[in-house]
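**Q** Sharing a structure below in structure tokens format, with a few things to ask.
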């Protein structure tokens, strides 16, 4: 979250071969920053029960 | 003196339901040629204003209408939809007919095969009348072929991305249409335009040949003027497909068979949180009135607890954006400036999310899916608003519609549960408002049963937008 800046976005886009102009950077940044902030606020606390029903048992412990 | 039968105008014909048109065609009191001519005439009159269609298939439609007429006359009627025209959203591949996705990058693309859903509806005898307007790749703007306008108020938006399908059905420029729904793109236009729109269960309708946006969130479904028509269309569209590994092998029921069973004794869930927050007062009033109507019709209302619903909007947007970038990355690299700004910036947002964030979104999805599935074990259907507001203005959309405007629809793309929008009244100023019905996975029959019961006791679906007056 903290590393997401307009500069990071422009550099990453260039690295991925996308030719963003300043308005593109601004449009993407605004939308993504808002969504990341929203996600940060809702980290789920109760993840029990989401695991698959099988367990991997390393061969040495079997 | 014998009284003359009331004259059936072109508009009257175009506003009949698919079920009624199919009946008249079967009884030979209406010919498919007459019907297609009427719909094409209406398209010719209003398409420049409404921007419903990107491509109109006039010659092909007339040819198919003559074929249908001959087949039916020869006693080879295929079913209740034979001879009835259908419009397909322009991200749905149609053999020999341009499929643009409203994008400069595909503006001359002519598929050499039909999408599975196109083939199914063709097999049911439906006549392809044209390709409806969509936002670019079902996510961007509408710069190339014009903005679909809302027939109830031409200064208003239809919502996207199946806006051309929504306004065509509402304005009598189509009898029925297909749409796709990744975060609400069937249900939003249905709500804003005052028609019925169904996002079926994930896997119920094949997506083969429909340009993808997000593999885990995309759904294909019908837009119609009545719930019964929606049931007829779904029956023709649904079923297994070897070309789509996500398509379910479950048998397709006759959805219209028990549509009239009523709601007496059913339990209708009303969410205790989130879905009635931050609504326009008219939307709140009309959806609550519909809830009361269900009770008056004999259903029992049950509050349902869905505390995790507010988490779904961000999770859904991350998943869609990440998956959309997966689809578009090579084309975006090659043709960045050929994409409209809205489409390219929405999709390219996918480079910004980390694997941890995608994983977190997937976890939110799993928890929400568990909650909703449990809630639906206690009730037969849940009622919510579709959109928090009636149709927004074109200016408001151009300035960037609120990013959470689809916050009541996206939760059900995350879980895959079937969800249907249907009209539940009109806001001050004459704009339609939709309510959303949600049922257990693969229980579209329940949606049709509940929706039809409501429709039989209301008249919203019979109203027509004031286009004639505006013309």
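Protein chains in written order, with my numbering: chain A, 9 to 70; chain B, 832 to 1302.
From the three backbone atoms N, C-alpha and C, an ideal C-beta is built for every residue, glycine too.
Note that this is a predicted model, so its numbers are computed, not measured.
#1: Taking 8 Å as the threshold (beta carbon to beta carbon), is residue 1192 of chain B in contact with chain A?
#2: Would you say residue 18 of chain A faces chain B, with C-beta separation under 8 Å as the test?
#3: Can you tell me which of the three DSSP states residue 833 of chain B falls into?
#4: For chain B, check one thing: does any of its Cβ atoms lie closer than 8 Å to the Cβ of residue 32 of chain A?
#5: Compare the C-alpha of residue 1290 of chain B against each of B/1181, B/1121, B/851 and B/1209 and name the closest.
#6: Report the rounded CA-to-CA distance for residue 1234 of chain B versus residue 1147 of chain B, giving the unit in angstroms.
#7: What span of residues does the beta strand (DSSP E) with residue 1101 of chain B cover, start to end?
#8: Who are residue 1133 of chain B's beta bridge partners in DSSP?
#9: Taking the alpha carbon of residue 1048 of chain B as the reference point, which residue from B/959, B/1283 and B/1017 has its own alpha carbon closest?
#10: Taking 8 Å as the CB-CB limit, is residue 14 of chain A close to chain B?
#11: With a Cβ-Cβ cutoff of 8 Å, do residue 932 of chain B and residue 967 of chain B count as a contact?
#12: Between the C-alpha atoms of residue 1226 of chain B and residue 881 of chain B, what's the straight-line distance to the nearest angstrom?
#13: Could you name the residues that DSSP lists as bridge partners for residue 987 of chain B?
#14: How big is the Cα-Cα spacing for residue 1265 of chain B and residue 1214 of chain B?
#15: Any beta carbon from chain B within less than 8 Å of residue 24 of chain A's own beta carbon?
#16: Have a look at B/1141, B/1276 and B/1171 and flag the residue whose alpha-carbon is nearest the alpha-carbon of residue 1241 of chain B.
#17: Under 6 Å Cβ to Cβ from residue 1061 of chain B, same chain only, skipping five residues before and after it: list those, please.
#18: How many whole angstroms separate the CB atoms of residue 1203 of chain B and residue 1137 of chain B, which I take to be in contact at a CB cut-off of 8 Å?
#19: Spatial neighbours of residue 1067 of chain B within its chain, please: CB distance less than 7 Å, with the 5 preceding and 5 following residues excluded, ordered by chain position.
#20: Please name the residues in the region 1177 to 1210 of chain B whose beta-carbon is closer than 8 Å to at least one beta-carbon of chain A, in chain order.
#21: Helix, strand or coil, according to DSSP, for residue 9 of chain A in the structure here?
#22: Would you give the residue range spanned by the alpha helix (DSSP H) that residue 1042 of chain B belongs to?
#23: Ends of the beta strand (DSSP E) at residue 1011 of chain B?
#24: In this structure, how does DSSP classify residue 1218 of chain B when only helix, strand and coil are distinguished?
#25: Counting only beta-carbon atoms, is residue 1163 of chain B nearer than 8 Å to chain A?
#26: Determine, for residue 1234 of chain B, whether the minimum Cβ-Cβ distance to residues of chain A falls below 8 Å.
#27: Give me the DSSP bridge partner(s) of residue 958 of chain B.
#28: Would you mind sorting residue 16 of chain A into buried or exposed? The rule is 16 or more other CB atoms within 10 Å of its CB.
#29: Who pairs with residue 1050 of chain B in a beta bridge, going by DSSP?
#30: From residue 849 of chain B to residue 921 of chain B, what does the alpha carbon distance come to, in whole angstroms?
#31: Alpha carbon to alpha carbon, what distance is there between residue 1253 of chain B and residue 1280 of chain B?
#32: If contacts are defined as beta-carbon pairs under 8 Å, then residue 1364 of chain B and residue 877 of chain B qualify, I think. What distance do you get, rounded to the angstrom?
#33: Give the DSSP-derived three-state secondary structure of residue 963 of chain B in the structure shown.
#34: If the cut is a Cβ gap below 8 Å, which residues of chain A does residue 1241 of chain B touch?
#35: Buried or exposed for residue 939 of chain B, going by 16 or more other Cβ atoms inside 10 Å?
#36: Under the three-state reduction of DSSP, which class applies to residue 1024 of chain B: helix, strand or coil?
**A** Quick look at the numbers:
#1: Numbered from its first residue, the second chain carries residue 1192 of chain B at position 361. When Cβ-Cβ separations below 8 Å define contact, residue 1192 of chain B makes contact with chain A.
#2: As a first step, residue 18 of chain A is located in the first chain; it is residue number 10 there, counting from the start. Answer no: the Cβ-Cβ gap between residue 18 of chain A and chain B never drops below 8 Å.
#3: Within the second chain, the letter at position 2 stands for residue 833 of chain B. Any reading at residue 833 of chain B must be qualified, since the residue scores a pLDDT of 49, below 50, and its modelled position is unreliable; the value itself is stated next. Coil at residue 833 of chain B, not helix or strand.
#4: Numbered from 1 along the first chain, position 24 holds the residue referred to as residue 32 of chain A. Yes - at least one Cβ of chain B is within 8 Å of the one on residue 32 of chain A.
#5: Residue 1290 of chain B sits at position 459 when you count from the first residue of the second chain. Nearest neighbour of residue 1290 of chain B by Cα position, chosen from B/1181, B/1121, B/851 and B/1209, turns out to be B/1121.
#6: As a working mapping, residue 1234 of chain B is identified with position 403 in the second chain. As a working mapping, residue 1147 of chain B is identified with position 316 in the second chain. It is roughly 12 Å from the alpha-carbon of residue 1234 of chain B to the alpha-carbon of residue 1147 of chain B.
#7: In the second chain, residue 1101 of chain B corresponds to position 270, counting from 1. Run containing residue 1101 of chain B: 1098 to 1102, per the beta strand (DSSP E) assignment.
#8: The count along the second chain starts at 1 and reaches residue 1133 of chain B at position 302. Beta-bridge pairing links residue 1133 of chain B to B/1100.
#9: Counted from its first residue, the second chain places residue 1048 of chain B at position 217. For residue 1048 of chain B, the nearest C-alpha among the options comes from B/1017.
#10: In the first chain, residue 14 of chain A corresponds to position 6, counting from 1. No, residue 14 of chain A lies away from the interface with chain B (no Cβ there is under 8 Å from its Cβ).
#11: Counting from one through the second chain, the residue named residue 932 of chain B turns up at place 101. Counting from one through the second chain, the residue named residue 967 of chain B turns up at place 136. Yes, they are a contact pair.
#12: Counting from one through the second chain, the residue named residue 1226 of chain B turns up at place 395. Counting from one through the second chain, the residue named residue 881 of chain B turns up at place 50. Distance from the CA of residue 1226 of chain B to the CA of residue 881 of chain B, rounded to the nearest whole angstrom, comes to 16 Å.
#13: Stepping through the second chain from its first residue, residue 987 of chain B is reached at position 156. Residue pairing for residue 987 of chain B: DSSP places it in a beta bridge opposite B/1224.
#14: The count along the second chain starts at 1 and reaches residue 1265 of chain B at position 434. The count along the second chain starts at 1 and reaches residue 1214 of chain B at position 383. Rounded to the nearest angstrom, the two C-alpha atoms are 11 Å apart.
#15: Locating residue 24 of chain A in the first chain gives position 16, counting from the first residue. Cβ-Cβ to chain B under 8 Å: yes for residue 24 of chain A.
#16: Stepping through the second chain from its first residue, residue 1241 of chain B is reached at position 410. Put simply, of B/1141, B/1276 and B/1171 the residue whose alpha carbon is nearest the alpha carbon of residue 1241 of chain B is B/1141.
#17: As a position in the second chain, residue 1061 of chain B is number 230, starting the count at 1. Only residues of its own chain outside the window of five on either side were considered, and among them 1027, 1029, 1053 and 1055 have a CB closer than 6 Å to the CB of residue 1061 of chain B, listed in chain order.
#18: Position 372 of the second chain holds residue 1203 of chain B. Position 306 of the second chain holds residue 1137 of chain B. Right, their Cβ atoms sit about 7 Å apart.
#19: Locating residue 1067 of chain B in the second chain gives position 236, where the first residue counts as 1. Excluding sequence neighbours, residue 1067 of chain B sits near 912, 951, 952 and 955.
#20: So the list reads 1177, 1179, 1180, 1182, 1183, 1184, 1188, 1191, 1192, 1194, 1195, 1197, 1198 and 1201, given in the order they occur along the chain.
#21: Locating residue 9 of chain A in the first chain gives position 1, where the first residue counts as 1. Since pLDDT at residue 9 of chain A reaches only 48, below the 50 mark, its modelled position is unreliable, and no value is offered.
#22: Here residue 1042 of chain B refers to the residue found at position 211 when the second chain is read from its first residue. Per DSSP, residue 1042 of chain B belongs to no alpha helix (DSSP H) and is neither H nor E.
#23: The residue you call residue 1011 of chain B lines up with position 180 of the second chain. DSSP places residue 1011 of chain B inside the beta strand (DSSP E), whose first and last residues are 1008 to 1012.
#24: Walking along the second chain from the start, residue 1218 of chain B turns up at place 387. It is coil, neither helix nor strand.
#25: By one-based count along the second chain, residue 1163 of chain B stands at place 332. Interface criterion met: the Cβ of residue 1163 of chain B is under 8 Å from a Cβ in chain A.
#26: Position 403 of the second chain, counted from the start, is the residue given in the question as residue 1234 of chain B. Yes, because at least one Cβ of chain A sits closer than 8 Å to the Cβ of residue 1234 of chain B.
#27: Walking along the second chain from the start, residue 958 of chain B turns up at place 127. Beta-bridge pairing links residue 958 of chain B to B/916.
#28: Numbered from 1 along the first chain, position 8 holds the residue referred to as residue 16 of chain A. Residue environment: residue 16 of chain A is assigned as exposed (fewer than 16 neighbouring CB atoms within 10 Å of its CB, all protein chains considered).
#29: Position 219 of the second chain holds residue 1050 of chain B. DSSP lists B/1012 as the beta-bridge partner residues of residue 1050 of chain B.
#30: One-based indexing of the second chain puts residue 849 of chain B at position 18. One-based indexing of the second chain puts residue 921 of chain B at position 90. Residue 849 of chain B and residue 921 of chain B have their C-alpha atoms spaced approximately 21 Å apart.
#31: Numbered from 1 along the second chain, position 449 holds the residue referred to as residue 1280 of chain B. Numbered from 1 along the second chain, position 422 holds the residue referred to as residue 1253 of chain B. So the alpha carbons of these two residues sit roughly 13 Å apart.
#32: A query on residue 1364 of chain B cannot be resolved here, the shown segment of chain B reaching from 832 to 1302 and no further.
#33: Counted from its first residue, the second chain places residue 963 of chain B at position 132. Correct three-state label for residue 963 of chain B: strand.
#34: Your numbering for residue 1241 of chain B matches position 410 in the second chain. Residues of chain A whose Cβ lies closer than 8 Å to the Cβ of residue 1241 of chain B do not exist, since the nearest Cβ in that chain is about 12 Å away.
#35: By one-based count along the second chain, residue 939 of chain B stands at place 108. Classification for residue 939 of chain B: exposed.
#36: Sequence index remark: in the second chain, residue 1024 of chain B carries index 193 (1-based). It is helical.
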